[in-house]
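Chains A and B supply the protein sequences, listed in that same order.
Residue numbers for the first sequence follow this note's numbering, so the first one is 211 and each next one is one higher.
Residue numbers for the second sequence follow this note's numbering, so the first one is 211 and each next one is one higher.
Since the structure comes first, as structure tokens, the remarks are kept for the end.
Number of protein chains: 2
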Amino acid sequence: MNKPTSQHEFETPKVTTGPLPSSRKVYTHPVADPSLSVPRREIDLHPSANEPPVPVYDTSGPYSDPSVIIDVEKGLPRIRDGWVQARSNVEEYEGRPIKIEDNGGATGKHLAREFPTKHKPLRGVGDGPITQYEFAKAGIITKEMIYIAERENMGRKEAVANAAETVAQGESFGAEIPEFITPEFVRDEVARGRAVIPSNINHPELEPQIIGRNFLVKINANIGNSAVTSSVEEEVEKMVWATRWGADNVMDLSTGRNIHNTREWILRNSPVPIGTVPIYQALEKVNGIAEDLTWEVYRDTLIEQCEQGVDYFTIHAGVRLAYIHLTVNRVCGIVSRGGSIMAKWMLTHHKESFLYTHFEEICDIMRKYDVTFSLGDGLRPGAVADANDRAQFAELETLGELTKIAWDKGCQVMIEGPGHVPMHKIKVNMTKQLKECGEAPFYTLGPLTTDIAPGYDHITSGIGAAMIGWYGTAMLCYVTPKEHLGLPNRDDVKVGVITYRLAAHAADLAKGHPAAQIRDDAVSRARFDFRWEDQFNLALDPETARDFHDQTLPKDAHKVA
Amino acid sequence: MNKPTSQHEFETPKVTTGPLPSSRKVYTHPVADPSLSVPRREIDLHPSANEPPVPVYDTSGPYSDPSVIIDVEKGLPRIRDGWVQARSNVEEYEGRPIKIEDNGGATGKHLAREFPTKHKPLRGVGDGPITQYEFAKAGIITKEMIYIAERENMGRKEAVANAAETVAQGESFGAEIPEFITPEFVRDEVARGRAVIPSNINHPELEPQIIGRNFLVKINANIGNSAVTSSVEEEVEKMVWATRWGADNVMDLSTGRNIHNTREWILRNSPVPIGTVPIYQALEKVNGIAEDLTWEVYRDTLIEQCEQGVDYFTIHAGVRLAYIHLTVNRVCGIVSRGGSIMAKWMLTHHKESFLYTHFEEICDIMRKYDVTFSLGDGLRPGAVADANDRAQFAELETLGELTKIAWDKGCQVMIEGPGHVPMHKIKVNMTKQLKECGEAPFYTLGPLTTDIAPGYDHITSGIGAAMIGWYGTAMLCYVTPKEHLGLPNRDDVKVGVITYRLAAHAADLAKGHPAAQIRDDAVSRARFDFRWEDQFNLALDPETARDFHDQTLPKDAHKVA
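Listed below in structure tokens is the structure:
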């Protein structure tokens, strides 16, 4: 972050709080562990509807609960602290000292203020289970798993009516969507590697969440300051803003200065998993010169971020030296930033990537904190012309090998995917990923189905995202209208999140998720009855729906309050 | 149109003219008939690209040609007048006198000014070929067919390199996309009923265009004044505006007063086919009381619109009395306006629809002017809950019967489709339509893949549109962000058109259209080379792409040219 800042000028981030229209935060307590409080949102309808409130999955954390006093200087309640501390194989320790290069060398008035409270980090010790994967393999149902079952069911105690029929009528391409989610089902999916629960033991503020193709499709929003614009305050609010509209996950892709301090503010205030690309920060530590990267700098950066509580790392360990030449005839070469950095390093040194050669050591580090792998697709296509080429698929095959190594080491794994892919070439991406990577969850960027509409790439990619979500992708990384053109502002983030929420929901419907259509039907009934307020309140974006209505139709005559 | 207007207050419609950025209008002359001038747009690239201009299909008519002087009071050049007059079986006649009810009873200051020039209508006579379908069946290649072959090839004289491979790698679900379009191929597709050329002999201003699944996927924009807002001037400009951004077709869905005069201004200035739903105007003639509709009023309205030059009529003749009860358990009942009107008429009179009982007579009328049938889906689902139900498919089966009758009568036919359909239920719509309707072109509204995102229904439906376009739908009816909420303004029309253009293009790519990827690749190369201006100019919406870039990145440093 190159905007000047200073200790005394630092403002406490102002974040958006309060419920969405006609919505209440509800907490339920799972039978398997009534001490847990699992949130969902309920949308109240007009009395004339004579319908119960509509429950919806809630990613927004305590910010949308008017009974919670938000203090960004203190951070969110550390709800999982006790859960983790109660495990025998975890120890608190001093942690790595913060170094000046962690903030890109920022000092004095250029250094963003540190988060006021310093928590000592935890790490796993010994051979007993530390990660959710290890617990699952050991047959142990964690509190996270119980929480997730309750959350995915949206508080239901049993399957909805017609669940069996809905699942049967859906087309899930070999997924095994249950009529009702039990904690044991969650455990089993995690043990099979088919789902992950990104949840660093040092991010206790997190509301646990699962990513896997037999669960609701999740979406991710990217935030992050850059050399051009934005401040710590803005990044914290971007995270809150994105989750308010439905981002299940946020990746902090900050570059430049103050990366460490910015990330600390985000993590301490984030109810959702936070992902990063550690090579970005490592690059800052060597002044942006890819050739100067070393395993030691990278390793140190991993530990720094593990101790802060980052929940998943994108690691481009599948970009091998031998694959780089496969990209020479591409229209767009290597477009992944991480892939480009590693390609440059390998070509300069003519050596295999240190991410690949040190992969087992990376596993050992990440296991101690239960940081989930997001194996990056550094050779993803950056144009429809380059889709599904040998470079892309060679990397995917390597990611498959690495998945098995990471599982053997006890780590959770998901796999990143493209990119730019025309519609008829999307499905093979999913099929091949499932096969090569042993059904580890797929996490894709779009894909964009055409390259001719810059300014509308949330839509070109939303088409591909809905389709690949239907085919089995577990998490969809959003694309904003500014993709390829500039940095997204607040409105762009919202449009990107809403677009991906609707794409994910379209996928849930098509897969035959037993409860997904409840919300569609509620909207449709409201529409049929001209209950305008209900239609707005049930919408993914009530503000825009109401505004669009009020622009041309009389304000009250057409509405039922 | 209920906004007061008057003869002396009427302003000549101000329409948007001029080329798009870095674009030139090019006309080529087909070998088969060098007297024809067939337009396309060419986008010039920066000299550093060292690439030829990129040809793109051009729907915008003379408005984007700076060498043409536009005079909306005179209308566009009547390019097809000579083509039609040269046919032996066409006669000019006096035509039906305009009645006061044609303009909804508007008189005095409420009556919109008539279009200044009154052309006598033409009609076909005798048994010889009148319609494009009849010519095609007779083995005659019309000028329209020659024009269309040149237009679809975008001026190419031969297939692009790798055309065979591109077609083979595409997935077209049984379509037969050629490597290169010949006039004979056009004729053959029309003769098989697999494509239509909407081209009323009384709309000579039209630049001929084809709709069929072996051609480029087309899109439609809806305009039309309403009881709430808008004027004649606005409607003419909406038509020009929509075609500027890529609408292949426009439907005039006007209601209220001045329908006749508004439509005349639109037709005389429209380079694209104009469609209408004649029952809307017929209803105005009986003061909005559906029960008062008669075959005579409807028949008279058909002739009125045939004489004006409307190119295709949506006719809901498949909504039969016996099907209405099939909708009683729906969440959203009957949402098609035409379907609702006819259902009300049938239930009141307890009689079969006059559109069904008089169908052969309708054919006889439409044949004389070569008005294409767009057989309406009056029972289309209005909610994902109602998708693919018995009501919808019963109507589709009837539309199949009617298609064969219309063909026997010499008419061109396309079929309208849903609506609201979750992704996993889309494909069967296409498969069933092809089977029931003998491969007549399918023309769908969306479909919307979820109902939870009012305000974003251009996107929920853009997903379904891209998919059903891939599966074989020939024309996609656009949806704007205001769908379900209010009346679209100028910006909404543009967003709707661009969204559907990108969806149609994504479908062309996936089907394996041999030349579609040329534009994608040009964008990708521009992106890779940081030729920003080229990237903007090649975009579907250059203005928005440039604006998004300039919002956050320095104006010139990042651009070439």
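No residue lacks a Cβ here, since even glycine has one placed at the ideal position from N, Cα and C.
According to DSSP, is B/Ile485 helix, strand or coil?
Here residue 485 of chain B refers to the residue found at position 275 when the second sequence is read from its first residue. This sequence places Gly at residue 485 of chain B; Ile is not what is there. B/Gly485 falls in the strand class under three-state DSSP.
Entirely enclosed alpha helix (DSSP H) segments - the region 441 to 469 of chain B, minimum 4 residues:
442 to 454
Let me check understanding here. Comparing Cα to Cα, which of B/Asp502, B/Leu606, B/Val545 lies closest to B/Thr558?
Here residue 558 of chain B refers to the residue found at position 348 when the second sequence is read from its first residue. Per the Cα distances, B/Asp502.
Less than 8 Å between CB atoms is the rule here; does B/Ser232 satisfy it with respect to chain A?
Residue 232 of chain B sits at position 22 when you count from the first residue of the second sequence. Not an interface residue.
Any residues in the region 607 to 639 of chain B with a beta carbon nearer than 7 Å to a beta carbon of chain A? Which ones, in chain order?
Pro632, Met633, His634
Distance cutoff 8 Å, beta carbons only. Does A/Ser734 sit that close to anything in chain B?
Your numbering for residue 734 of chain A matches position 524 in the first sequence. Yes, A/Ser734 counts as interfacial toward chain B.
What residues in the region 658 to 671 of chain B have a beta carbon less than 7 Å from any beta carbon of chain A?
Thr659, Thr660, Asp661, Ile662, Ala663, Pro664, Gly665, Tyr666, Ile669, Thr670
Using CA coordinates, which residue listed in A/Met355, A/Val487, A/Ala597, A/Ile513 is at the minimum distance from A/Gly422?
Stepping through the first sequence from its first residue, residue 422 of chain A is reached at position 212. Closest by alpha carbon: A/Met355.
In whole angstroms, what is the alpha-carbon distance linking B/Phe652 and B/Pro481?
Position 442 of the second sequence holds residue 652 of chain B. Position 271 of the second sequence holds residue 481 of chain B. Approximately 22 Å, taken between the alpha carbons.
Residues bridged to A/His630 (per DSSP):
The residue you call residue 630 of chain A lines up with position 420 of the first sequence. In DSSP, A/His630 forms a bridge with A/Leu658.
Please go through the same chain and pick out, in chain order, the residues whose beta-carbon is closer than 6 Å to the beta-carbon of A/His759, but skip the five residues on each side of it.
For this step, residue 759 of chain A is matched to residue 549 along the first sequence. So the list is empty, once near-sequence residues are dropped.
Please classify B/Phe325: does DSSP put it in a helix, a strand, or coil?
For the purposes of this step, residue 325 of chain B is taken as the residue at position 115 of the second sequence. Of the three classes helix, strand and coil, the one that applies to B/Phe325 here is coil, per DSSP.
Would the region 512 to 521 of chain A and the region 532 to 540 of chain A be scored as touching if the rule is three or more Cβ pairs under 8 Å?
no
Nearer than 7 Å: is that true of the beta carbon of A/Thr465 relative to any heavy atom of the ligand NAD?
This structure lacks the ligand NAD; in fact it carries no ligand of any kind.
Would you kindly work out how many angstroms separate the C-alpha atoms of B/Thr796 and B/Phe325, rounded to a whole number?
Past the boundaries of the shown model lies residue 796 of chain B; chain B is included only from 211 to 771, so the question cannot be answered.
By the three-class DSSP mapping on this structure, what secondary structure does B/Lys235 have?
Along the second sequence, one-based indexing puts residue 235 of chain B at 25. Note: B/Lys235 maps to strand in three-state DSSP.
Here's the rule: buried if 16 or more other CB atoms are within 10 angstroms of the residue's CB, otherwise exposed. What is B/Ala348?
Mapped onto the second sequence, residue 348 of chain B falls at position 138. Classification of B/Ala348: exposed, given that the 10 Å Cβ count is below 16.
How big is the Cα-Cα spacing for A/Met364 and B/Ala726?
In the first sequence, residue 364 of chain A corresponds to position 154, counting from 1. In the second sequence, residue 726 of chain B corresponds to position 516, counting from 1. Looking at the two C-alpha atoms, the distance is approximately 45 Å.
Would you call B/Gly285 buried or exposed, if buried means 16 or more other Cβ atoms sit within 10 Å of its Cβ?
Translated into positions along the second sequence, residue 285 of chain B becomes position 75. Looking at its Cβ environment, which holds 16 or more other Cβ atoms inside 10 Å, B/Gly285 is buried.
When the Cβ atoms of the region 461 to 473 of chain A are set against those of the region 279 to 294 of chain A, are three or more pairs found closer than 8 Å?
no
Whole-number beta carbon distance between A/Val545 and A/Gly592, since they are thought to touch under 8 Å
Numbered from its first residue, the first sequence carries residue 592 of chain A at position 382. Numbered from its first residue, the first sequence carries residue 545 of chain A at position 335. Yes, they are in contact, since the Cβ atoms of A/Gly592 and A/Val545 sit about 3 Å apart, within 8 Å.
Interface residues of chain A around B/Asp751 at Cβ under 9 Å?
On the second sequence, residue 751 of chain B is found 541 positions in, with the first residue counted as 1. Those within 9 Å of B/Asp751 in chain A are Ala663, Pro664, Gly665, Tyr666.
Near A/Pro393, what residues of its chain come up, given a Cβ to Cβ distance below 6 Å and the 5 sequence neighbours on each side ignored?
Start at 1 with the first residue of the first sequence, and residue 393 of chain A comes out as number 183. Counting only Cβ-Cβ distances below 6 Å, and skipping sequence neighbours, we find Ala242, Ile351, Met355, Ile356, Ala359.
Flag A/His759 as yes if its beta-carbon sits less than 8 Å from any beta-carbon of chain B, otherwise no.
Against the first sequence, residue 759 of chain A aligns to sequence position 549. So yes, A/His759 belongs to the interface.
Endpoints, the alpha helix (DSSP H) within which A/Glu753 is located
Numbered from 1 along the first sequence, position 543 holds the residue referred to as residue 753 of chain A. That run of the alpha helix (DSSP H) goes 752 to 762.
Out of B/Leu719, B/Glu447, B/Arg290, B/His715, state which residue places its alpha-carbon closest to the alpha-carbon of B/Arg699.
By one-based count along the second sequence, residue 699 of chain B stands at place 489. Sequence inspection shows Asn at residue 699 of chain B; the Arg mentioned does not correspond to that position. For the residues B/Leu719, B/Glu447, B/Arg290, B/His715, the minimum Cα distance to B/Asn699 belongs to B/Glu447.
Is there at least one Cβ from chain B nearer than 8 Å to A/Glu386's Cβ?
Translated into positions along the first sequence, residue 386 of chain A becomes position 176. By this cut-off, A/Glu386 is not an interface position.
Give the secondary structure of B/Leu493 by DSSP, where H, G and I count as helix, E and B as strand, and everything else as coil.
Numbered from 1 along the second sequence, position 283 holds the residue referred to as residue 493 of chain B. Helix, per DSSP.
Go through its chain and collect everything with a Cβ distance to A/Val236's Cβ below 6 Å, but skip five positions before and after it.
Translated into positions along the first sequence, residue 236 of chain A becomes position 26. For A/Val236, where only same-chain residues beyond five positions count, the Cβ hits under 6 Å are Arg250, Glu252.
Determine the extent of the beta strand (DSSP E) in which A/Asn156 is found, giving its start and end residues.
This structure cannot speak to residue 156 of chain A, because chain A is shown only from 211 to 771.
Any chain A beta carbon closer than 8 Å to B/Gly696
Start at 1 with the first residue of the second sequence, and residue 696 of chain B comes out as number 486. Judged by the 8 Å Cβ criterion, B/Gly696 is in contact with chain A.
Does the distance from the CB of B/Ile429 to the CB of B/Pro418 come in under 8 Å?
Here residue 429 of chain B corresponds to residue number 219 of the second sequence, with the count starting at 1. Here residue 418 of chain B corresponds to residue number 208 of the second sequence, with the count starting at 1. Not a contact, by the Cβ cut-off of 8 Å.
Report yes or no: is there a C-beta of chain B within less than 8 Å of the C-beta of A/Trp680?
Position 470 of the first sequence holds residue 680 of chain A. Answer yes: the Cβ-Cβ gap between A/Trp680 and chain B drops below 8 Å somewhere.
Same chain, Cβ closer than 8 Å to B/Trp680, five either side skipped, listed in chain order
Along the second sequence, read from residue 1 onward, the residue named residue 680 of chain B stands at position 470. The residues are Glu381, Phe383, Ala716, Ala717, Ala720, Lys721.
Starting from A/Tyr357, trace the beta strand (DSSP E) in both directions and tell me its first and last residue.
Start at 1 with the first residue of the first sequence, and residue 357 of chain A comes out as number 147. Per DSSP, A/Tyr357 belongs to no beta strand (DSSP E); it is in the alpha helix (DSSP H), 353 to 362.
Interface residues of chain B around A/Arg729 at Cβ under 7 Å?
For this step, residue 729 of chain A is matched to residue 519 along the first sequence. By Cβ distance, chain B contributes Ile662.
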